[in-house]
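Number of protein chains: 2
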Amino acid sequence: MPGRHRPMATLATVAAAAGVSRQTVSNALNSPDLLRPETLERVQQAIDDLGYTPNRAARNLRTRASHLVGLRIEPALQGNASGLMDRFLHSLVESCKEAGLHVLLFAAEDVNDPLDGYDALLASAAVDAFVVTDTYRGNPQAAWLEARQVPFVAFGRPWAEPHAQHPWVDVDGRAGVGLAVEHLADRGHERIAWVGWQKSSYIGEDRRSGWLDRMHQRGLPTTRLSARGEDTIEFGRRAAHALVEGEQPTAFLCVSDTVAMGVLQAIADCGRRPGADDVAVVGFDDSLAAQVIPPGLTSVRQPLEGVAVEIVRLLEDRLAMRAVEHPHVILAPELRVRGTS
Amino acid sequence: MPGRHRPMATLATVAAAAGVSRQTVSNALNSPDLLRPETLERVQQAIDDLGYTPNRAARNLRTRASHLVGLRIEPALQGNASGLMDRFLHSLVESCKEAGLHVLLFAAEDVNDPLDGYDALLASAAVDAFVVTDTYRGNPQAAWLEARQVPFVAFGRPWAEPHAQHPWVDVDGRAGVGLAVEHLADRGHERIAWVGWQKSSYIGEDRRSGWLDRMHQRGLPTTRLSARGEDTIEFGRRAAHALVEGEQPTAFLCVSDTVAMGVLQAIADCGRRPGADDVAVVGFDDSLAAQVIPPGLTSVRQPLEGVAVEIVRLLEDRLAMRAVEHPHVILAPELRVRGTS
DNA sequence: GAGGCGTCTTGGAACGATCCAGAGGCTGCG
DNA sequence: CGCAGCCTCTGGATCGTTCCAAGACGCCTC
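This is the structure in structure tokens:
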């Protein structure tokens, strides 16, 4: 690194300038109430004059804390995750800032190993904690991190082990879909179809249960109104065509915006226009595409800003070693109503 | 931070275990060729046995380098930037990993101050370098950072000062649009309209020049075939309607996917189908929406992976204080052909 | 066999902060 | 007046690594 114009000020420099000892300067920063006001001001003056900022590395070494939070960045998925991650990341960085933390991104050597990458950062004490995001495919990370007593918070429930004790924050997909059912039913729709993911997807089944339960609650039919498949446009299209040939639903509730795009195509194939012509479509994720496609896709929006806030809150508890009784937060999404419904 | 099960191994621990001095262990890691093979192996064995990893903070303190690269994350924009950032970030993290660097995200207190946030990280020696991304609105950061001799690389040319000497990497928007003109002309289109951003946008004018020049080169008309406005769907729609009423272009070349979405809507308004019906549309950015909207929007794709690689390469030069003669890289985008053309 | 050289190894110092124990001045109480 | 106790401030030690200068050792040469 090229040298600075002035040699960087240190505690000792400031101490000399203020005519006090190093420790006094340190106290001025970390426990100002220990100083006599007069001394404090003198030290402050010296700090300002010299433009002093504590050296991170030295502080980290001594306090054994880096105030960095590691986040493993997953390969950009083609579909739904893209765009979501953007929003989440920004909120997370913002929330971390409030807490005096920074976000350190890292990537795995081996993408398929969900543990890869964590170890290295941990062993070198480069980060204090982690935010774990890809819990949807099981969460070996949680067990691994917990065994090592590493502070971390997961975005996403431990579906496979519902009683896991580690802190997590998640979005109530089920409630979100429930909202959508309400919305559609209020507009007079009765045959509301579900276009979802495979049974093996915990998240997919959670969202589906929101549809199923609310439909039953309102006394609406669900038989032969449900399709399941992968998260692709193509699947959405095929599923919609099949459903139309069957029970002729008037509304399609989709597990993701990607699938919803396929459904929209299928409707266009039939020469009908969603929103008008008595056909409604609702997606999930409020992706950019949902906002952009005419006439605007109604979609369930995840409160990622809130998720970030809660994650950081739990992280702070954990870092401060405050025991929290039930460190689990489920946030309700909201419905963004647009032209397709 | 909660204590580990075993107290973390240190250089001294390893040295004791291997029966050598601290320095020898350090050499085993940093300049293994200084050691006799036999000694090296013994040390290696001890390192493996104890699961030793050098402590980052201590190393940072001693070497005055953090191997962290700061990236200021901007508020998620509604439009084109979203999704792009995702792709870029991932590539950057990946490239940084190759170089032994990590990416540290930070946010500004005051979003409107382009310098905010850099100072704090710099003064505390938390990062070694920066990647600066928002050069499109002028780049006071570049001047500021350069004055402080801080290593950094910009993503985006210094439009306002073309001869600035700091390293930067950019995408050749002009060439990308040129590609699109070729593509459309090859398909027989002659009246190809430009739907772009305001004259005040450097990037917008750069892209437009690609259209203008290539059109002239091929002897195609451009008068009354150009519209300029803001980056919204609504503008795209209005502009397309106006153009259709005028010169009746058969193809629309758009400065962004967002604008292109508006153009697509306008075409649908007229009851025609892009791709079929002799109307073509091309966008810019290859956003998620472009991939998802039927029948697929042809779009210019920025080589963000390549951008990240080049940025890190320049960053390494800079960090190693290697003088590079002309530290500027312009990468060519490619055209993703889809249904709309 | 002494001197010189190269290879390998060593202990001490330094990076810049915080922790710790204790010194000095002041007040208040017996 | 003496002493405990509080407040304020100090100097030394420490975190774990790398830099530095010098020591130990073996080998070659004269």
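Going down the list, the sequences are from chains A and B. Residues in the first sequence are numbered from 1 upward in steps of one, following our numbering. Residues in the second sequence are numbered from 1 upward in steps of one, following our numbering. All C-beta atoms, glycine included, are put in the ideal place defined by N, C-alpha and C.
TODO: For Pro261 (chain B), return the contacting residues in chain A, with the cut-off set at a CB-CB distance below 7 Å.
DONE: Contrary to the premise, residue 261 (chain B) reads as Met rather than Pro in this sequence. Below the 7 Å Cβ cutoff, chain A contributes Val292 as neighbours of Met261 (chain B), in chain order.
TODO: Spell out a yes or no on whether the segment 99-112 of chain B and the segment 58-68 of chain B are touching, meaning 3 or more CB-CB pairs, one atom from each, closer than 8 Å.
DONE: Output reads yes: the segment 58-68 of chain B touches the segment 99-112 of chain B.
Open item on the list: With distance defined between alpha-carbon atoms, name the residue in B:Leu34, B:Ala9, B:Ser91 nearest to Gln302 (chain B).
Closed with: B:Ser91
Task: Sheet register partners of Glu94 (chain A) (DSSP bridge) - done: Beta-bridge pairing links Glu94 (chain A) to no other residue.
- [ ] Indicate the three-state DSSP secondary structure (helix, strand or coil) for Arg338 (chain A) in the structure shown.
- [x] coil
Task: Contiguous beta strand (DSSP E) assignments of at least 3 residues, all confined to the segment 266-315 of chain B - done: 280-284, 298-301
Task: Cα-Cα separation between Leu331 (chain A) and Gly306 (chain A), rounded to whole angstroms - done: Cα to Cα, the separation comes out at about 8 Å.
Task: One or two residues paired with Leu253 (chain B) in a DSSP bridge - done: Its beta-bridge partners are B:Trp194, B:Val282.
Open item on the list: Please list the terminal residues of the continuous alpha helix (DSSP H) segment that includes His183 (chain B).
Closed with: 173-186
- [ ] Would you mind sorting Cys62 (chain B) into buried or exposed? The rule is 16 or more other CB atoms within 10 Å of its CB.
- [x] The question names Cys, but residue 62 (chain B) is Arg in the sequence shown. With fewer than 16 other Cβ atoms within 10 Å, it is exposed.
Task: Contact the segment 131-142 of chain A vs the segment 265-272 of chain A: 3+ CB pairs below 8 Å - done: no
Open item on the list: For chain B, check one thing: does any of its Cβ atoms lie closer than 9 Å to the Cβ of Arg22 (chain A)?
Closed with: Not an interface residue.
Task: Within chain A, partners of Ala125 (chain B) - CB distance below 8 Å - done: Those are Met8, Asn55, Arg56, Ala57, listed as they occur along chain A.
- [ ] Could you tell me if Leu377 (chain A) is buried or exposed, where buried requires 16 or more neighbouring beta carbons within 10 angstroms of its beta carbon?
- [x] Absent from the structure is residue 377 (chain A), since the part of chain A shown begins at 1 and ends at 341.
Open item on the list: Assuming contact is defined by CB atoms lying nearer than 9 Å, are Thr10 (chain A) and Asn55 (chain A) in contact in what I supplied?
Closed with: By the CB criterion at 9 Å, Thr10 (chain A) and Asn55 (chain A) fall inside the cutoff.
- [ ] Please confirm if Ile73 (chain B) has its CB atom under 9 Å from at least one CB of chain A.
- [x] yes
- [ ] Just the C-alpha distance for Ala58 (chain B) and Arg22 (chain B), rounded to the nearest angstrom, thanks.
- [x] 14 Å
Open item on the list: Spatial neighbours of Ala308 (chain B) within its chain, please: C-beta separation below 6 Å, excluding the five flanking residues on both sides.
Closed with: Answer for Ala308 (chain B): Ser91, Leu92, Ser95, listed in chain order.
Task: Cβ separation of Gly210 (chain A) and Ala175 (chain A), assumed to be a contact under 8 Å, to the nearest whole Å - done: Yes, they are in contact, since the Cβ atoms of Gly210 (chain A) and Ala175 (chain A) sit about 6 Å apart, within 8 Å.
Task: Residues that DSSP places opposite Phe155 (chain A) in a beta bridge - done: Partner(s): A:Val169.
TODO: Look up Leu220 (chain A) in the DSSP assignment and say whether it is helix, strand or coil.
DONE: Judged by DSSP in its simplified three-state form, Leu220 (chain A) adopts coil rather than helix or strand.
Open item on the list: Considering only the alpha carbon of each residue, which of B:Ala15, B:Ala320, B:Val181 lies closest to Arg208 (chain B)?
Closed with: Checked all of B:Ala15, B:Ala320, B:Val181; the closest Cα to Arg208 (chain B) is B:Val181.
Open item on the list: Contact defined as beta carbons within less than 8 Å: I believe Leu314 (chain A) pairs with Pro167 (chain A). What is the distance between those atoms, to the nearest angstrom?
Closed with: Confirmed, Cβ separation roughly 4 Å.
TODO: Taking 8 Å as the threshold, find out whether the segment 211-226 of chain A comes into contact with the segment 186-200 of chain A through three or more Cβ pairs.
DONE: With the cut-off at 8 Å, the segment 211-226 of chain A and the segment 186-200 of chain A touch.
TODO: Establish whether the CB of Gly100 (chain A) and some CB of chain B are separated by less than 9 Å.
DONE: no
- [ ] Please confirm if Arg64 (chain A) has its CB atom under 9 Å from at least one CB of chain B.
- [x] Taking Cβ atoms only, chain B reaches closer than 9 Å to Arg64 (chain A), which makes this a yes.
Task: Buried/exposed call for Met261 (chain A), threshold 16 Cβ in 10 Å - done: buried
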